[in-house]
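Accompanying notes for the structure given below.
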Amino acid sequence: MIMLRNHIALILCLCAMLFTGCKEEATFNDKTLAEFSNSVKPEDIRHHIAVLADDSLKGRLPGTPQYKQAMEYVANKYKEFGISPIGDSEGSTYYQTLTLRKSVVKNEQSYMVLNEKDTLQVGEDYFFTGNANEILTEFSGELVIAGFGVQASEYGFDDFENLDVKGKIVAIFSGAPSSLPASERAYFSNTNTKITTLDNLGAKGILFVTAPGGRGNFKGSYNRMSQRGINSVLLPNGTALGRSNFGNMAFGGYFNWSSLTKLTGITEEDWKDYSEKGNTLKQPTNIVHLNGKVVTTLSQFESANVLGLLEGEELKDEYIVHTAHLDHVGIGRPINGDSIYNGAHDNASGISAMIEIARLYSKLPSKPKRSVIFAAVTAEEMGLLGSKYLAVNPPVAQEKIIANVNTDMPTLIAPMLSVEPLGAEQSSIMSVVERATKQLDLRIDPDHMPEQVRFVRSDNLNFVLEGIPALRMKYGLKTETSETGLDSIINDFTKNHYHKPSDELRDGMFNFDAAKTYVRLQFMNSYLINVSEEQPTWNEDSFFRKFKK
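So for the sequence shown, UniProt numbering puts the first residue at 1; every next one is plus one.
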């Protein structure tokens, strides 16, 4: 009996060597955590993508039966792993149902008139975006130009310092000043930020303009908006959130750069003097008066976030939220005879990664310290709407959510040798990333294209705006033959496959060893946050610290 007891003690001792400490929840050290995560199978990731990006799901457009199929697939995986539902009806379902409101402008009944005599041409000079709150609005006012529409006096930049926009129609350009730090530039580039700024200043209406060399295509945007409209999400109290809520302003829309130059006299040289040299942007040489009417049709449909809960132990009332968007853009303009926009990279790959992270959590020898919510969110492609609803209306107390780990289009095309942890530099999360990447022999790179403001173009933004530290992990540029060689590969994908039918599962489009590395990294990041003695905190000098509640 004594010998048997000794054998049992030895076995327990050997098992304990994998872990540190003797707490009720087992805690890996960094090395054993990396070893544990190595159980991820590339073929499992491939299988999830194959299902979610299959033609039969027709691009996973929210509101369609095919999107519901995708929801069911994720929910069944949660159930398979023993992850509990935490959706509607006090957590009796995996689905957090929400209502989306579609606003489509009736262009044939709407108009814009210049100086009360010349009717401007919709689709050539301008187009309106639907208003989530009004089916009919009329407007009249003077047009002024407010540059980027940025009010950031704390950084020495304020487009409104000498410009009164109250009661006026304001044209603003996409983007933000390159002189701003990357995070601040990202925030002030955001469409909703600009709408809120102008609404607070009492503007009558807002017209977005894509400046020369900027991102966006006027004609393409008009065609998409005319066909699909613009969406918002309704909170339980009926408040509409999204880019179609203009507050007290009468309308929103877009103006063509070439038309703006004709009407106001502004030139490309004027734009460069302003955007590159910091000179004051001149106003129209003559008073430009605009009046018009916007007629909008409103319709509503339901979609849902798919939410699963893995309950923690010691601090089970604190939560880490994993997000990845489940939706894509559905069926669109045929290219080479194919009209199904499968969204394999965007974002079947992200959902697949989150599913495998959930599997790893479910295999832990005991519960983690904190609870984890896995959220396959809807309507990201419609303006980050599903995550907006989740962030402001979570199934748990919002103040108990300590971090968001977001996976959106990791673009796993080549071996992963370096990464860009977007947003990590803003908080203590960076220390976690440094530990995880060290174990996986990954280099940490800075954001190689800050002008793309990628940190605020995904679902993590909505958690940041609620004061919650967040991480969006993206690929780095290092390849086996070059320090920046992945750049050309990604540029090719962006140009030829992003938001096109060719973003599908086929030879040469994925590297599943990279996908495994990505899953391991994100799991390790999450787990190290989970078992930390302290919650993640914003850095003292972080711009996003201002949103902490």
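C-beta atoms are modelled at their ideal positions from N, C-alpha and C, and glycine is treated no differently.
Since this is a predicted model, take the numbers as computed values, not measurements.
Cross-strand partners of residue i (DSSP beta bridge)
i, result
"residue 232", "101"
"residue 443", "418"
"residue 85", "308"
"residue 455", "For residue 455, which the question treats as bridged, DSSP gives no partner whatsoever."
"residue 167", "BP columns for residue 167 are empty, so no partner."
"residue 474", "420"
"residue 207", "171 and 253"
"residue 224", "The partner list for residue 224 (beta bridge, DSSP) is empty, contrary to what the question assumes."
"residue 372", "310 and 320"
"residue 157", "152"
"residue 302", "99"
"residue 117", "In DSSP, residue 117 forms no bridge with anything."
"residue 509", "DSSP lists no partner for residue 509."
"residue 112", "292"
"residue 427", "538"
"residue 297", "104"
Contact belief for residue i with residue j at Cβ below 8 Å, rounded distance in angstroms
i, j, result
"residue 403", "residue 468", "7 Å"
"residue 331", "residue 59", "6 Å"
"residue 129", "residue 253", "6 Å"
"residue 512", "residue 45", "6 Å"
"residue 420", "residue 448", "7 Å"
"residue 395", "residue 307", "6 Å"
"residue 255", "residue 207", "4 Å"
"residue 342", "residue 55", "7 Å"
"residue 198", "residue 149", "6 Å"
"residue 171", "residue 145", "5 Å"
"residue 281", "residue 147", "5 Å"
"residue 443", "residue 476", "6 Å"
"residue 73", "residue 51", "6 Å"
"residue 319", "residue 401", "5 Å"
"residue 459", "residue 325", "6 Å"
"residue 415", "residue 353", "Not really, about 16 Å apart at Cβ, beyond 8 Å."
"residue 195", "residue 247", "7 Å"
"residue 110", "residue 291", "With a Cβ gap of about 12 Å, residue 110 and residue 291 do not count as contacting."
Interface flag, residue i vs chain B, CB-CB below 9 Å
i, result
"residue 418", "This model lacks chain B altogether; it includes just one protein chain."
Alpha-carbon to alpha-carbon, residue j and residue i
i, j, result
"residue 305", "residue 96", "5 Å"
"residue 316", "residue 425", "27 Å"
"residue 157", "residue 151", "7 Å"
"residue 24", "residue 529", "Residue placement at residue 24 is flagged as unreliable, the pLDDT there being 42, under the threshold of 50; the coordinate-derived value follows with that caveat. Using only the alpha carbons, I get a separation of about 17 Å."
"residue 461", "residue 179", "22 Å"
"residue 544", "residue 538", "7 Å"
"residue 550", "residue 383", "There is simply no residue 550 to check, as the chain begins at 1 and stops at 549 in what is shown."
"residue 154", "residue 205", "26 Å"
"residue 323", "residue 263", "45 Å"
"residue 408", "residue 381", "11 Å"
"residue 168", "residue 373", "45 Å"
"residue 91", "residue 142", "52 Å"
"residue 225", "residue 436", "42 Å"
"residue 540", "residue 233", "33 Å"
"residue 392", "residue 250", "26 Å"
"residue 22", "residue 48", "With a pLDDT of only 39 at residue 22, under the threshold of 50, the placement of this residue in the model should not be trusted; the figure read from the coordinates follows. Answer to the nearest angstrom: the Cα atoms are 36 Å apart."
"residue 355", "residue 258", "47 Å"
"residue 30", "residue 432", "10 Å"
"residue 417", "residue 106", "50 Å"
"residue 457", "residue 192", "12 Å"
"residue 270", "residue 165", "20 Å"
"residue 321", "residue 406", "8 Å"
Residue range of the unbroken alpha helix (DSSP H) whose run includes residue i
i, result
"residue 74", "65 to 80"
"residue 354", "349 to 362"
"residue 403", "Premise fails: residue 403 lies in the beta strand (DSSP E), 401 to 406, not in any alpha helix (DSSP H)."
"residue 334", "Per DSSP, residue 334 belongs to no alpha helix (DSSP H); it is in the beta strand (DSSP E), 331 to 335."
"residue 36", "30 to 37"
"residue 594", "Here the chain has residues from 1 to 549 only, and residue 594 is not among them."
"residue 503", "Element bounds for residue 503: n/a, residue is neither H nor E."
"residue 51", "42 to 52"
Where the beta strand (DSSP E) through residue i begins and ends
i, result
"residue 520", "From DSSP, residue 520 is part of no beta strand (DSSP E) but of the alpha helix (DSSP H) over 512 to 530."
"residue 136", "136 to 145"
"residue 239", "Where residue 239 is concerned, there is no enclosing beta strand (DSSP E), given that its DSSP letter is neither H nor E."
"residue 338", "338 to 340"
"residue 129", "126 to 129"
"residue 385", "From DSSP, residue 385 is part of no beta strand (DSSP E) but of the alpha helix (DSSP H) over 385 to 392."
Residue i: CB within 8 Å of a non-hydrogen atom of the ligand ADP
i, result
"residue 324", "Ligands in the displayed structure: none, and consequently the ligand ADP is not present."
If contact is defined by three or more beta carbon pairs under 8 Å, each pair taking one atom from either stretch, is the segment 451 to 467 in contact with the segment 175 to 195? yes
On the three-pair Cβ rule with 8 Å, is the segment 99 to 110 touching the segment 71 to 89? no
Inter-stretch contact at 8 Å, needing at least 3 Cβ pairs: the segment 27 to 42 / the segment 351 to 369: yes
Measuring CB atoms only, is the segment 284 to 299 touching the segment 209 to 219, in the sense that at least three cross pairs come out at less than 8 Å? no
Please determine if the segment 513 to 524 and the segment 336 to 356 are in contact, where contact requires at least 3 C-beta pairs separated by less than 8 Å. yes
Three or more C-beta pairs below 8 Å linking the segment 264 to 272 and the segment 284 to 293: yes
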